[in-house]
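What follows is a set of notes on a single structure, which appears directly below.
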Amino acid sequence: AQKVTQAQTEISVVEKEDVTLDCVYETRDTTYYLFWYKQPPSGELVFLIRRNSFDEQNEISGRYSWNFQKSTSSFNFTITASQVVDSAVYFCALNQGAQKLVFGQGTRLTINP
Amino acid sequence: DVKVTQSSRYLVKRTGEKVFLECVQDMDHENMFWYRQDPGLGLRLIYFSYDVKMKEKGDIPEGYSVSREKKERFSLILESASTNQTSMYLCASSFGRLGIQPQHFGDGTRLSIL
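Heads up: the protein sequence lines correspond to chains F and C, in order. Residues 179 to 291 in my numbering are what the first sequence lists, from first letter to last. Residues 1081 to 1194 in my numbering are what the second sequence lists, from first letter to last.
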């Protein structure tokens, strides 16, 4: 069965520090999709990125970057020069067959001024 | 932009009551989902629907039922609310059948059962 593990329950850093959120997954599928979502204090989960299992290129979007490594079954998320507005709960997810997603436990990130 | 709207942000009900949580999406998505979110447990899928009048159990369906009479609306029903159903409930929608499209979420309903 698919499983997603986010071992870091909470992370707290000072503004402008770089921070990496870890995500490790388990699946027997050869084709799969991984996702990252952000949940700010307002509550709504916001989609950040999707990566398919055939594309191991790292992705960069502004201060955000993602490192996908099939060899270690990891899909880690790095925020460079963190800002207070990055404070949120971040979820990693894996598609579980058609339509469904399985989510990790989430990592609560606090950026202190 | 996709808009998923949940009828209430906060709701307080009593044990034994029948509770309805409503969700509406405006993008003609085939798939709709209900999750509950609890600290340390992430999001857990209760039920989902891939078409009108179609539903499938998720990981924790016990004590819940759903209704999808129209494509844009997906209702979660707590038949007889219990205190262990106090939680944050999140609705989501997506299009396509392959699980590769991102889900779009509502703001959530924080439900307290007293």
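Yeah, the Cβ is synthetic: ideal placement off N, Cα and C, and Gly gets one too.
Discussion item. Can you give me the C-alpha to C-alpha distance between V1084 (chain C) and F1185 (chain C), rounded to a whole angstrom?
Written reply: Here the question's residue 1084 (chain C) lines up with position 4 in the second sequence. Here the question's residue 1185 (chain C) lines up with position 105 in the second sequence. V1084 (chain C) and F1185 (chain C): Cα-Cα distance of roughly 6 Å.
Fill in: Interface residues of chain C facing Q261 (chain F) [CB-CB closer than 8 Å]
Numbered from 1 along the first sequence, position 83 holds the residue referred to as residue 261 (chain F). Result: empty, since nearest Cβ-Cβ is about 23 Å, beyond 8 Å.
Practice prompt. Closer than 6 Å by C-beta to T258 (chain F): which residues in its own chain qualify, once you throw out the five before and the five after it? Chain order, please.
Written response: Working through the first sequence from its first residue, we reach residue 258 (chain F) at position 80. Hits under 6 Å: D196, R241.
Item to complete: Going by CA-CA distance only, name the one from C:P1119, C:G1179, C:C1171 that's closest to D1187 (chain C).
Response: The residue given as residue 1187 (chain C) occupies position 107 in the second sequence. Out of C:P1119, C:G1179, C:C1171, C:C1171 has the C-alpha closest to the C-alpha of D1187 (chain C).
Practice prompt. Note down, in chain order, each residue of its chain lying with its Cβ closer than 6 Å to the Cβ of S1192 (chain C), except the 5 sequence neighbours on either side.
Written response: For this step, residue 1192 (chain C) is matched to residue 112 along the second sequence. Taken in chain order, the residues that qualify are V1092, T1166.
Fill in: Close Cβ partners of N273 (chain F) (< 7 Å) along its chain, the five nearest in sequence each way excluded
Position 95 of the first sequence, counted from the first residue, corresponds to residue 273 (chain F). For N273 (chain F), where only same-chain residues beyond five positions count, the Cβ hits under 7 Å are Y210, Y211, L279.
Discussion item. Per the DSSP calculation, Q247 (chain F) is bridged to which residue(s)?
Written reply: Your numbering for residue 247 (chain F) matches position 69 in the first sequence. Partner(s): F:S252.
Discussion item. Rounded to the nearest angstrom, what separates S265 (chain F) and K1151 (chain C) at their Cα positions?
Written reply: For the purposes of this step, residue 265 (chain F) is taken as the residue at position 87 of the first sequence. For the purposes of this step, residue 1151 (chain C) is taken as the residue at position 71 of the second sequence. About 35 Å.
Fill in: Short Cβ contact (8 Å threshold) for S1173 (chain C) with H1109 (chain C)
Here the question's residue 1173 (chain C) lines up with position 93 in the second sequence. Here the question's residue 1109 (chain C) lines up with position 29 in the second sequence. Yes; because the gap between Cβ atoms is below 8 Å, this pair is in contact.
Practice prompt. Check whether the Cβ of Q180 (chain F) lies closer than 8 Å to any Cβ atom in chain C.
Written response: Within the first sequence, the letter at position 2 stands for residue 180 (chain F). False, the Cβ-Cβ gap to chain C never drops below 8 Å.
Worksheet item: Are there 16 or more other CB atoms within 10 angstroms of the CB of S1145 (chain C), so buried, or fewer, so exposed?
Response: As a working mapping, residue 1145 (chain C) is identified with position 65 in the second sequence. Result: exposed.
Fill in: Closest residue to D1131 (chain C) among C:G1122, C:G1138, C:S1147 (Cα-Cα distance)
In the second sequence, counting from the first residue as 1, residue 1131 (chain C) sits at position 51. Cα-wise, what sits closest to D1131 (chain C) is C:S1147.
Worksheet item: Among the residues of its own chain, which have a CB less than 8 Å from the CB of V224 (chain F), if the five just before and after it don't count?
Response: Walking along the first sequence from the start, residue 224 (chain F) turns up at place 46. Hits under 8 Å: Y215, K216, Q217, P218.
Worksheet item: Given I189 (chain F), which residues of its chain have a CB within under 8 Å of its CB, disregarding the five upstream and five downstream residues?
Response: Taking the first sequence and counting its residues from 1, the one referred to as residue 189 (chain F) is at position 11. Only V197, L199, T285, R286, L287, T288 meet the Cβ criterion.
Practice prompt. Starting from G1120 (chain C), find everything on chain F with Cβ-Cβ shorter than 9 Å and list it in chain order.
Written response: Residue numbering aside, residue 1120 (chain C) sits at position 40 when the second sequence is read from its first letter. Within chain F, the residues near G1120 (chain C) are T187, Q283, G284.
Worksheet item: Helix, strand or coil: how does DSSP classify Q1165 (chain C) here?
Response: Residue numbering aside, residue 1165 (chain C) sits at position 85 when the second sequence is read from its first letter. DSSP places Q1165 (chain C) in helix when its eight states are reduced to three.
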